[in-house]
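Colleague:
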Amino acid sequence: MRNINLEFTGFNFLFVSLSGASIALSAMLLVLPAQAGAQGVAEIVVTARKREESLQDVPISVQAISGDVIESQGLVDFQSIAPYTPNFNYGQSTGASDFLIIRGLGTVGSGVHFEQAVGQITNGFFTSRSRLGRTVLIDTAQVEVLRGPQGPVIGKNTSLGAINITTRKPTDEFEFIASGGYDFEASEGFELQGILSGPLTDNVRGRLVVNYQDRDGFVENRVIGDDVQFREDLTTRLILQADLSDNFSAEVLWQHVDLERNGKHREVFACLEPALALAQGFDCAINASNQSQNIVQGVDVGEPFTIDADLVGLTLDWEFENSVLTSLTGYTQSEIFDHFDSDLRPVEQRNIFNNEDFDQFSQEIRLTSTGDNTVDYIVGALYLTNEMNGTQDSNFNPSVGGPPPQPPVRRHEIQFADTDTLAGFAQIDWHLSDVTTLNIGGRLTSEERNGQKIQRMHEIHTDNFDPNLCSNEPTTTHRPSSFRVCTTGNDGMQPVGSPILGNIDKDNFSYNVSLQWSQTDDSMYYVSTSTGFKSGGFDLRGAGNPANFVFDEEESTNYEIGGRHTLADNTVRLNWTLYSTNIEGLQLSSNDPATITQTVVNGEATAEGLEWDLVWAASDNLNLTFAGAYLDATYDNFLAACYTRPTQTAALGCNVDLDGTTPEDPEEAQNLAGQTLAFAPEWQYVAGADYTWNLSGDLDLRGSVKLMYAGEHSTMIDNNPEGFQDSYTKIDASLTLLGGDDKWWVAIVGKNLSDELVYHFTSGTTTCARGAARGGTTSCLFTTVEETRAIGIRAQYNFR
-15 MRNINLEFTG FNFLFVSLSG ASIALSAMLL VLPAQAGAQG VAEIVVTARK REESLQDVPI
45 SVQAISGDVI ESQGLVDFQS IAPYTPNFNY GQSTGASDFL IIRGLGTVGS GVHFEQAVGQ
105 ITNGFFTSRS RLGRTVLIDT AQVEVLRGPQ GPVIGKNTSL GAINITTRKP TDEFEFIASG
165 GYDFEASEGF ELQGILSGPL TDNVRGRLVV NYQDRDGFVE NRVIGDDVQF REDLTTRLIL
225 QADLSDNFSA EVLWQHVDLE RNGKHREVFA CLEPALALAQ GFDCAINASN QSQNIVQGVD
285 VGEPFTIDAD LVGLTLDWEF ENSVLTSLTG YTQSEIFDHF DSDLRPVEQR NIFNNEDFDQ
345 FSQEIRLTST GDNTVDYIVG ALYLTNEMNG TQDSNFNPSV GGPPPQPPVR RHEIQFADTD
405 TLAGFAQIDW HLSDVTTLNI GGRLTSEERN GQKIQRMHEI HTDNFDPNLC SNEPTTTHRP
465 SSFRVCTTGN DGMQPVGSPI LGNIDKDNFS YNVSLQWSQT DDSMYYVSTS TGFKSGGFDL
525 RGAGNPANFV FDEEESTNYE IGGRHTLADN TVRLNWTLYS TNIEGLQLSS NDPATITQTV
585 VNGEATAEGL EWDLVWAASD NLNLTFAGAY LDATYDNFLA ACYTRPTQTA ALGCNVDLDG
645 TTPEDPEEAQ NLAGQTLAFA PEWQYVAGAD YTWNLSGDLD LRGSVKLMYA GEHSTMIDNN
705 PEGFQDSYTK IDASLTLLGG DDKWWVAIVG KNLSDELVYH FTSGTTTCAR GAARGGTTSC
765 LFTTVEETRA IGIRAQYNFR
């Protein structure tokens, strides 16, 4: 059973001080006079709790990004919206999973075995595959970033938060919207989009969206002479709505995604032997260039990455006098292929091929009150089942720049996992008085999972299984088991060709309790506690040790005090949240570059801080925004591998003995307790200003600028000092000409105008600059980098 500590450790002084300051600021703003002529801030309606509510009435931390901002600024995916949302981070890794992080907490690592603790929901339908976050955001009405556990209402895999996407819906009148854009710098290329919407019959409406993008990359590959990662994406969405009777309606959703990318935006730096690295073609610098070339059997095959995915959903609504009965039936399938050059240079040494097939079916039924009662409620049930089948093929040709000559081999891994989930949930909002509301929610979940993996060794480039490739005799010329490419079982690892099986059967109850008090009609305070849950999983990468094939579940506990204020005659909106989130069983994995394997570890961490979002309509023409976050996120317990570039000594924390060897033997691990988590800058903020000039009649000119700041933070799980990103400030700006009663607009858009070169996810490798740095020592680091300065033009016309 979890121990719940109501004391915010190391947080009491900050908590009391900021609470008082926030309440005092709210009181001051209550008497702030409105600016003459100011029309006020627009109301934001969110569906974070599965009903439409004003953002100012919701007792959770939510930041919403409108579809207009997404379209006009050319924000295409989760990674591009993350800088606009303090305390949210999305990273694209080079392995088999990406990561979503909220408040410095998230499932970080690489492997098909990982599901995220930050759920992705599109029009009410949930998906658990992190790489679908790369799919293009098209025709989006709003993206809501929900911080903190969302277990009771949203449910599965939302122990740290959720991303709630609402698309635009069919219109009652016909419209055809054509839009496009061209980027001149960074990811040079174009985007085209067409939208057709309107009535099909008296009772049926439809909306069809087609989006096509063709862009170059922004990292120069010095070997092939192209900029990578270039991309060609096609996304299609169809929504049909039908009024089947006065109180019965249906909505069908189909979305197809076809993403084709090539090349990786990786760079090598921190080389152990710089002179040798330069001789091998590495420049060992972060400068938007690399030297990878993926050679297979003498041919450059590139580094293709593809996603072919479909989301199909059916939503049925029956309206009664005081409630709505809703059924959501969803199906998701995705096929992901990822082929990359693991040696990071133009030689045929290491090639990795990842394939993943995923299928998911879900059925949710819920009854929701209309919101006009003394006690409002949501009650429902969810059934979800999914299956993942994956393979990883790794070609090892160690005779090229590797350890003493050994024959080339192909490691073939077969990966499988399935999940069956059954849950019942309820949320009650009890309006105790006109100014006080008690909210109580809970979800009981029963989940069963099965996993299996097999590793087989083949002759390179063939399907010929050869058990002799894994001979472990001391005199053999074959690869030793210590390299983890081949194993025989005498070192605790599973013998090659033998399956590892695992099963998880887990029940969990997650809850939330919050109390809201409305000081006035425009000022609300709340205090809350909530819990979240994500089940354990299976370590599906590498040779594998049966003893740790199954890793444990995550459980989170969150406390918040917040305020929601609409002030100064509706010209100022101030929302703030103080929080403390603790997570036990935090699922993390880090790459062991010497063995090409992942180690999954359950840790414990706590994140505490303040989030705020301030909007001021200073006049009819000027809007100012300032959103930010203060974050103190630290490990309470986490055993991580020691870093070897530079070499971590016992004095630097590499002092945990895992194998029980003699004191003279180097230790294997470090305990990061008390250290800051990766991807957790102490301060983040986004400051913006929008000004509109009326040129004549219905012709307007709008200027917009945003400053996005992030403090120093680690980009490596092991907190390697070489992997820290310095603080930086990015500047986005746009100039938009609007006319025809908002029928058309043309914009010049600049992103990252300060041209900050930011590295995002960093890991070590043994493959570059291998002179004295042999035998598994990390010889350099590589990192994925974010897009450099981008300038483009965008336009839209509505033929309504």
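So in our numbering, spot 274 of the sequence shown is number 258, and the numbers just go up one at a time.
Note that the Cβ used here is the ideal one computed from N, Cα and C, for glycine as well.
None of these values were measured; they are calculated from a predicted model.
1. Compare the beta carbon distance of Lys727 and Arg350 with 8 Å and say whether it is the shorter of the two.
2. DSSP three-state call for Gln780: helix, strand or coil?
3. Taking only runs of the alpha helix (DSSP H) that begin and end inside the region 255 to 292, which ones reach a length of at least 4 residues, in chain order?
4. With respect to the beta strand (DSSP E) encompassing Gly426, which residues constitute its N-terminal and C-terminal limits?
5. Tell me whether Trp596 is buried or exposed, calling it buried when 16 or more other Cβ atoms sit within 10 Å of its Cβ.
6. Quick one: measure Cβ to Cβ for Gln57 and Asp716, integer angstroms, because I've assumed they're closer than 8 Å.
7. Could you tell me whether the Cβ atoms of Val511 and Asn379 are closer together than 8 Å?
8. Taking the beta carbon of Arg395 as the centre, do at least 16 other beta carbons fall within 10 Å, making it buried, or is it exposed?
9. Measure from the alpha carbon of Gly117 to the alpha carbon of each residue in Gly93, Met700, Tyr68, Ser64, then state which is nearest.
10. For my contact list, Leu368 and Thr405 are in at a C-beta cut-off of 8 Å; report their separation, rounded to the angstrom.
11. Please say whether Arg250 and Phe766 have beta carbons closer to each other than 8 Å?
12. Check this for me: beta carbons of Arg778 and Val742, under 8 Å apart or not?
13. Where do the N-terminal and C-terminal ends of the beta strand (DSSP E) with Ser798 fall, by residue?
14. Which residues mark the beginning and the end of the alpha helix (DSSP H) in which Gly695 is found?
15. Determine the DSSP secondary structure at Gly755, reduced to helix, strand or coil.
16. Can you give the Cα-Cα distance for Tyr495 and Lys714, rounded to whole angstroms?
17. Between which residues of its own chain and Ile775 is the CB-CB distance below 6 Å, once the five residues before and five after are set aside?
18. Does Ile336 come out as helix, strand or coil in the three-state DSSP assignment?
19. Can you tell me whether Glu371 is helix, strand or coil according to DSSP?
20. Report the CB separation of Pro67 from Tyr669 in whole angstroms; it is logged as a contact under 8 Å.
21. Where do the N-terminal and C-terminal ends of the alpha helix (DSSP H) with Ser56 fall, by residue?
22. Can you tell me whether Asp725 is buried or exposed? The criterion is at least 16 other CB atoms within 10 Å of its CB, across all chains shown.
23. Run the CB neighbour count on Arg131, radius 10 Å, all protein chains shown included, and call it buried at 16 or more, exposed below.
24. In chain order, what residues of the same chain lie with their CB nearer than 8 Å to the CB of Leu59, ignoring the 5 residues before and after it?
25. Between which two residues does the alpha helix (DSSP H) containing Phe62 stretch?
26. Please work out which residues of its chain come closer than 7 Å, Cβ to Cβ, to Thr403, disregarding the five sequence neighbours upstream and downstream, and give them in chain order.
27. Within 10 angstroms of its Cβ, does Ala634 collect 16 or more other Cβ (buried), or is it exposed?
28. What does Ile149 pair with, by DSSP beta-bridge criteria?
29. In the DSSP assignment, the beta strand (DSSP E) including Glu771 goes from what residue to what residue?
30. Considering only C-alpha positions, which residue in the set Gly723, Val42, Phe321 is nearest to Leu685?
31. Comparing C-alpha positions only, which one of Gly173, Glu159, Phe158 sits nearest to Gly165?
32. Out of Thr676, Gly88, Asp739, which one is the CA nearest neighbour of Ser603?
33. If I measure Cβ to Cβ from Leu606 and keep anything under 6 Å in the same chain, skipping five residues before and after, which residues do I get?
34. What beta strand (DSSP E) runs, 3 residues minimum, are completely inside the region 595 to 631?
35. Kindly indicate the opening and closing residues of the beta strand (DSSP E) around Thr405.
36. Ordered along the chain, which non-local residues of its own chain (more than five positions away) have a Cβ less than 6 Å from that of Asn73?
Modeller: To lay it out plainly:
1. no
2. strand
3. 258 to 263
4. 420 to 443
5. buried
6. 7 Å
7. no
8. buried
9. Ser64
10. 4 Å
11. yes
12. no
13. Since the first and last residues shown for the chain are -15 and 784, residue 798 lies out of range.
14. Counting along the chain, Gly695 falls outside any alpha helix (DSSP H), and DSSP gives it neither H nor E.
15. The pLDDT assigned to Gly755 is 46, lower than 50, so where the model puts this residue is not dependable; a value taken from the coordinates is nonetheless given after this. Residue state, collapsed to three classes: coil.
16. 39 Å
17. Phe168, Glu169, Gly734
18. strand
19. strand
20. Their Cβ separation, rounded to whole angstroms, is 11 Å, which puts Pro67 and Tyr669 out of contact at 8 Å.
21. 51 to 56
22. exposed
23. buried
24. Ile49, Val53, Ile65, Tyr68, Leu121
25. 62 to 65
26. Thr369, Asn370, Glu431, Arg433
27. exposed
28. Thr106, Val127
29. Looking at the DSSP string, Glu771 is not in any beta strand (DSSP E), and its letter there is neither H nor E.
30. Gly723
31. Gly173
32. Thr676
33. Tyr675
34. 606 to 621, 623 to 625
35. 393 to 415
36. Ala66, Ile85, Phe663
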